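Take a look at the structure set out below.
Residue numbers (this note's numbering): 16 to 164.
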């Protein structure tokens with residue numbers, strides 16, 4: 016196997032690991048570690064836009080606990096388009112949470128722009144899209160597009 020192909024495989028695996036660790040650290044409320052998965056001047060776009068690691072960490076630590084008592088991500092169907100030390104792609108997710116004592120379920124996807132710095136991959140920008148959000152007991156038949164979807 017030539018070096019370029021091996022490097023591409025290693026990059027794809029590292030990006031997959033980055034995306035998986037992001038979900039783990041968000042779900043386990045390790046905000047500082049999650050924020051350091053972004054480049055120093057990175058950006059997270061959800062309900063609001065946070066720029067820079069400090070603002071991203073502060074937004075995660077404030078917004079996530081205020082919105083959900085507990086949350087779990089299950090990510091799948093990732094795409095990655097490599098371009099040297101930069102990459103773009105998407106990751107679909109199932110999102111389970113408890114919101115005001117009610118179990119809820121969401122489907123959505125992340126839109127990622129990534130950068131490799133000193134041999135390590137980071138998010139340059141991560142934008143979250145909630146496509147549907149439903150109460151668990153109402154089931155999928157109640158699925159409506161989430162706000163902003």
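Where a beta carbon is used, it is the ideal one built from N, C-alpha and C, also for glycine.
These figures come from a predicted structure and were not determined experimentally.
query: Across which residues does DSSP place residue 113 in a beta bridge pair?; result: 85, 118
query: Over the uninterrupted alpha helix (DSSP H) stretch that includes residue 46, give me the two end residues.; result: 46-50
query: Quick one: what's got a C-beta closer than 6 Å to residue 40's C-beta in the same chain, skipping five residues either side?; result: 48, 49
query: Taking contact to mean 3 or more Cβ pairs, one atom from each stretch, closer than 8 Å, check whether the stretch 16-36 and the stretch 61-76 are in contact.; result: no
query: Go ahead and pull the three-state DSSP assignment for residue 153.; result: helix
query: Where residue 114 and residue 121 are concerned, what is the direct C-alpha to C-alpha distance, given to the nearest angstrom?; result: 12 Å
query: For the stretch 92-111 against the stretch 69-80, do three or more pairs of beta-carbon atoms, one drawn from each stretch, fall closer than 8 Å, so that the two count as touching?; result: no
query: What does the alpha-carbon distance come out to for the pair residue 18 and residue 132?; result: 19 Å
query: I'd like the list of long-range same chain contacts for residue 103, defined as Cβ closer than 6 Å, with 5 residues on each side in sequence excluded.; result: 96, 128
query: Answer yes or no: do residue 55 and residue 68 have a C-beta to C-beta separation smaller than 8 Å?; result: yes
query: Taking the beta strand (DSSP E) that residue 133 belongs to, which residues open and close that run?; result: Segment: none, residue 133 is in no beta strand (DSSP E) and carries neither H nor E.
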